[in-house]
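Here is the structure we will look at, set down as structure tokens.
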Amino acid sequence: MKQFLLLLHEDIEKMKTLSPKDMGELAKAHMAWAGSLSESGHLVAGDGLHEKSVLISGQNSIVKDGSFLESKELIGGYYVLQAENLDTAIEISKACPCHLWGGTTKIRPIMDMDEYEQ
Amino acid sequence: MNNKISSTVELNYSASYGKLFSALINKFGVNLVNEIEDAIQNAFLKSLKIWKNDHIPAQKENWLFIVAQNDVLIHISKKKNRENIELPLAEDDNKDVSDNDLRLETILFISSSNSISNQAKVIFILKNIFGLHVCEIANSTLLSQEAIYKSLKRAKSSLQLEFKDSDFNTIFQDARTTNITVLEEVLYAVFNVGFDSFEEKSQSVVNEDLCLEAISLTKLLLKQYGEDSTSNLLSLFCFHISRIPAKVHKGKLISFFEQRRKDWNKELIDLGFYYLRKPNELNRYYIESLIISKYMLTSNYSTKHWYEIIELYHILISLTNSPYIKLNLCYVLHKANQSQKALEILEEIKNDLPGKYTYFSLVKAKILKEKDSKEAEKILHEVVDNVSQQIRKDYLLEHNFINL
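Listed in order, the protein sequences are those of chains A and B. Residues 967 to 1084, numbered by our numbering, are exactly what the first sequence covers, in order. Residues 27 to 430, numbered by our numbering, are exactly what the second sequence covers, in order.
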């Protein structure tokens, strides 16, 4: 099984205008999706992320505070999935509730030593 | 779906919004209404990200309350530092929001306002107590979103001005004794919005959640004050919701007279009679409840039946001068072969109802159908163009209201 990082890019402005009913449906959808992934053995981990972030750069490790809100989309959460291959991971990820309310997901295959040893 | 998931699903976010709003407004006052709205929205967003199947707080509403309260406190603390002024600080008694529901008191408080209209009160309450989004209110009330935004903004400013520096406990206490009538009107309006939903997204002709929340608050009001009028309002609600199972059959809207009576909920009809109380002093809900029960019990819509209904409508109009009641009377007059009288009343009330009011158009078209079929058809074309729900369009088209 290969592992994949699924990044959830959320439209934060849109998220802030969701109705309580939509919020409830989104919560329900995320729970149900994570539950089904867990049951099928595809879920490794998953968490929501704070809007706040810190950037550290260069040899001098310069720390910059900022949420980088110049982009209205930010990474609001992630899942680590496991699947046979990228195609399966794509099929699974299409059902991610993040898409229902204007979000975008990005799949990044996690590098694995085995791939390079064969 | 496992049990842990369904425990999250049980949380009705719309009702929780109202409970959180009421608890926070009670604690921090109306001056911070904007900050409270933002804090609740932020708390909901956090719950989306943090709650997991194996990690859900036992007291979900309390968790949301504490998160939202902390958000408001941070805002207050920042503002104090920035402006060097004294702002109210919350007492640190974190009562369980689920057990300490202040929605009724908050509606009483909003109802007590002398500075905003009844329509503005209903819109404000739909948004903040029943947790409806502006677009849901627009779809349900047929008002434009822009008009609703403006109404909410004005209502907030007016409430802030009217209740500036007021002691909330006193306001809540005073409101209790004087505003039950207004509160009943508000609950009735909210129920009607839910019972006749025009919401495009859900395509459902009834917003059952909204009806049930209105009923639960009315029950609470009855329990607290025991007024005959509240009991009769509850009776009216029961008669209405008993027909929900029959309103749609095989995906099609069914009018009252065509509904299959066996689909009506018998227990709720019995409950309607249970709450129907003959009052010492007549009230509108008693008469309205009598009218609807008469409609539901009769097996024969004879002229005699319509005359009896007209009698009740005349009593009702002596109690309330509502144009909506007069509109219903017009339909009944038409059924009792008094169409000319009905048309005269329609002319009198046309400017008292919202523009392009669907039921006004439908009643007028119905009455005009025999007299001036072209005019009737023109009105119905406009109705079909304005109605966004497909199920309602289909109803009008399938019942040959319009010749295509």
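For each residue, glycine too, the CB sits at the ideal point set by N, CA and C. Because the structure is a prediction, the values reported are computed rather than measured.
Please state whether the Cβ-Cβ distance between LYS440 of chain B and LEU372 of chain B is less than 8 angstroms. Here chain B has residues from 27 to 430 only, and residue 440 of chain B is not among them.
Measuring alpha carbon to alpha carbon, tell me which of B:HIS407, B:ASN363, B:SER344 ends up nearest LYS382 of chain B. On the second sequence, residue 382 of chain B is found 356 positions in, with the first residue counted as 1. If we check each option's Cα against that of LYS382 of chain B, B:HIS407 comes out closest.
Grouping DSSP H, G and I as helix and E and B as strand, with all else coil, what is SER141 of chain B? The residue given as residue 141 of chain B occupies position 115 in the second sequence. In the structure shown, SER141 of chain B sits in coil (DSSP, three-state: anything other than H, G, I, E or B).
Would you say TYR350 of chain B faces chain A, with C-beta separation under 8 angstroms as the test? If you number the second sequence from 1, residue 350 of chain B lands on position 324. For TYR350 of chain B, the answer is no, since every Cβ of chain A falls outside 8 angstroms of its Cβ.
Whole-angstrom Cβ separation of LEU1066 of chain A and ALA1055 of chain A, contact assumed at under 8 angstroms? Residue numbering aside, residue 1066 of chain A sits at position 100 when the first sequence is read from its first letter. Residue numbering aside, residue 1055 of chain A sits at position 89 when the first sequence is read from its first letter. Not quite, the Cβ-Cβ distance comes to about 19 angstroms (not below 8 angstroms), so this is no contact.
Rounded C-alpha distance that separates TYR39 of chain B from LYS404 of chain B: Counting from 1 along the second sequence, the entry for residue 39 of chain B is found at position 13. Counting from 1 along the second sequence, the entry for residue 404 of chain B is found at position 378. One Cα belongs to TYR39 of chain B, the other to LYS404 of chain B, and the distance between them is close to 42 angstroms.
Are the beta-carbon atoms of ILE295 of chain B and MET322 of chain B separated by less than 8 angstroms? In the second sequence, residue 295 of chain B corresponds to position 269, counting from 1. In the second sequence, residue 322 of chain B corresponds to position 296, counting from 1. The answer is yes: Cβ separation under 8 angstroms.
Considering only the alpha carbon of each residue, which of B:ARG310, B:ILE313, B:TYR214, B:CYS161 lies closest to ILE267 of chain B? The count along the second sequence starts at 1 and reaches residue 267 of chain B at position 241. Nearest option by C-alpha distance: B:TYR214.
Residues in the same chain with beta-carbon distance under 8 angstroms from ILE280 of chain B, minus the five sequence neighbours each way, listed in chain order, please. Here residue 280 of chain B refers to the residue found at position 254 of the second sequence. Contacts found: ALA272, LYS273, VAL274, ARG286.
Taking only three categories from DSSP, how would you classify LYS278 of chain B? Walking along the second sequence from the start, residue 278 of chain B turns up at place 252. Shown here, LYS278 of chain B sits in a strand according to DSSP, grouped into three states.
In the structure shown, what three-state DSSP assignment does ALA116 of chain B receive? Indexing the second sequence from 1 puts residue 116 of chain B at position 90. Residue placement at ALA116 of chain B cannot be trusted, given a pLDDT of 49 that sits under 50; what the coordinates show is reported in the next sentence. Reduced to three states, the DSSP call for ALA116 of chain B is coil.
Distance cutoff 8 angstroms, beta carbons only. Does GLY1042 of chain A sit that close to anything in chain B? Here residue 1042 of chain A corresponds to residue number 76 of the first sequence, with the count starting at 1. True, the Cβ-Cβ gap to chain B drops below 8 angstroms.
For GLN170 of chain B, which residues from the same chain have a beta carbon less than 8 angstroms from its beta carbon, with the 5 sequence-adjacent residues on both sides left out? Taking the second sequence and counting its residues from 1, one reaches residue 170 of chain B at position 144. Note that residue 170 of chain B is Ser in the sequence shown, not Gln. Hits under 8 angstroms: ALA164.
Name, please, each residue of chain A whose Cβ falls closer than 8 angstroms to the Cβ of TYR43 of chain B. As a working mapping, residue 43 of chain B is identified with position 17 in the second sequence. The contacting residues are PRO986.
Cβ atoms of LEU262 of chain B and HIS245 of chain B: under 8 angstroms apart, would you say? Residue 245 of chain B sits at position 219 when you count from the first residue of the second sequence. Residue 262 of chain B sits at position 236 when you count from the first residue of the second sequence. Here residue 245 of chain B turns out to be Lys, not His, going by the sequence shown. The answer is no: Cβ separation not under 8 angstroms.
Please state the DSSP three-state secondary structure of HIS81 of chain B. Numbered from 1 along the second sequence, position 55 holds the residue referred to as residue 81 of chain B. HIS81 of chain B: strand per DSSP, three-state reduction.
Would you grab the beta carbon distance between TYR935 of chain A and GLY1012 of chain A for me? Rounded to a whole angstrom, and I think it's under 8 angstroms. Residue 935 of chain A is absent from the structure shown; chain A starts at 967 and stops at 1084.
Starting from ARG310 of chain B and walking both ways along the alpha helix (DSSP H), at which residues does that stretch end? Within the second sequence, residue 310 of chain B is the residue found at index 284, counting from 1. In the DSSP assignment, ARG310 of chain B falls within the unbroken alpha helix (DSSP H) covering 310-323.
Check the DSSP bridge columns for HIS975 of chain A and list the partner residues they point to. As a position in the first sequence, residue 975 of chain A is number 9, starting the count at 1. Beta-bridge pairing links HIS975 of chain A to A:ILE1041, A:THR1070.
Who does LYS1030 of chain A pair with in a DSSP beta bridge? Along the first sequence, one-based indexing puts residue 1030 of chain A at 64. BP columns for LYS1030 of chain A point to A:LEU1021.
Quick one, are the C-beta atoms of PHE54 of chain B and VAL98 of chain B less than 8 angstroms apart? If you number the second sequence from 1, residue 54 of chain B lands on position 28. If you number the second sequence from 1, residue 98 of chain B lands on position 72. Yes, these two residues count as a Cβ contact at 8 angstroms.
Pull up the distance between the alpha-carbon of GLU1057 of chain A and that of PRO1063 of chain A, whole angstroms please. Taking the first residue of the first sequence as position 1, residue 1057 of chain A is located at position 91. Taking the first residue of the first sequence as position 1, residue 1063 of chain A is located at position 97. Whole-angstrom Cα-Cα distance: 13 angstroms.
Helix, strand or coil for VAL389 of chain B? Go by DSSP, reduced to three states. Looking up residue 389 of chain B in the second sequence gives position 363. Looking at VAL389 of chain B - three-state DSSP - the assignment turns out to be helix.
For LEU345 of chain B, collect the residues of the same chain with a Cβ closer than 8 angstroms to its Cβ; drop the 5 residues on either side in sequence, then sort them by chain order. The sequence position of residue 345 of chain B within the second sequence is 319, counting from 1. Taken in chain order, the residues that qualify are LEU308, ASN309, ARG310, ILE313.
Could you tell me whether the Cβ of PHE150 of chain B comes closer than 8 angstroms to any Cβ of chain A? Residue 150 of chain B sits at position 124 when you count from the first residue of the second sequence. It does not; no Cβ of chain A falls within 8 angstroms.
Rounded straight-line distance, which links the Cα of ASN291 of chain B to that of ASP420 of chain B: Working through the second sequence from its first residue, we reach residue 420 of chain B at position 394. Working through the second sequence from its first residue, we reach residue 291 of chain B at position 265. Taking the straight line from one Cα to the other gives about 26 angstroms.
Skipping 5 residues on each side, what residues in its chain have a beta carbon closer than 6 angstroms to that of ILE142 of chain B? Walking along the second sequence from the start, residue 142 of chain B turns up at place 116. Within the same chain, ILE142 of chain B has close Cβ partners ALA181, SER184.
Contact between the region 71-84 of chain B and the region 986-1004 of chain A (3+ Cβ pairs under 8 angstroms): Cβ pair count under 8 angstroms is three or more, so yes.
What are the residues of the region 971-995 of chain A that lie near chain B, defined by any Cβ-Cβ distance shorter than 7 angstroms? Correct list: MET981, LYS982, SER985, PRO986, LYS987, MET989, GLY990, LEU992, ALA993, LYS994.
Which parts of the region 32-73 of chain B are runs of the beta strand (DSSP E), unbroken and 3 residues or longer, counting only runs that do not cross its ends? As summarised for the region 32-73 of chain B, there are no continuous beta strand (DSSP E) elements at least 3 residues long confined to that stretch.
Which residues share a DSSP beta bridge with ASP1013 of chain A? The residue you call residue 1013 of chain A lines up with position 47 of the first sequence. DSSP output for ASP1013 of chain A lists A:TYR1044 as bridge partner(s).
Chain-ordered neighbours of SER1004 of chain A on chain B, where CB pairs are closer than 8 angstroms: Residue numbering aside, residue 1004 of chain A sits at position 38 when the first sequence is read from its first letter. By Cβ distance, chain B contributes ASN79.
Please work out which residues of its chain come closer than 8 angstroms, Cβ to Cβ, to ASP1078 of chain A, disregarding the five sequence neighbours upstream and downstream, and give them in chain order. Locating residue 1078 of chain A in the first sequence gives position 112, where the first residue counts as 1. Listed in chain order, the non-local C-beta contacts of ASP1078 of chain A below 8 angstroms within the same chain comprise LYS968, GLN969, local neighbours out to five positions each way being set aside.
One question on the structure: do PRO305 of chain B and SER255 of chain B come within less than 8 angstroms of each other, judged by their Cβ atoms? The residue you call residue 305 of chain B lines up with position 279 of the second sequence. The residue you call residue 255 of chain B lines up with position 229 of the second sequence. The Cβ atoms of PRO305 of chain B and SER255 of chain B sit closer than 8 angstroms to each other.
Which same chain residues end up closer than 8 angstroms to HIS360 of chain B when comparing Cβ atoms and leaving out the 5 residues on each side of it in sequence? For the purposes of this step, residue 360 of chain B is identified with residue 334 of the second sequence, where counting begins at 1. Non-local beta-carbon contacts of HIS360 of chain B in its own chain, meaning distances under 8 angstroms to residues more than five positions away in sequence, involve ALA368, VAL389, LYS392, ILE393 in chain order.
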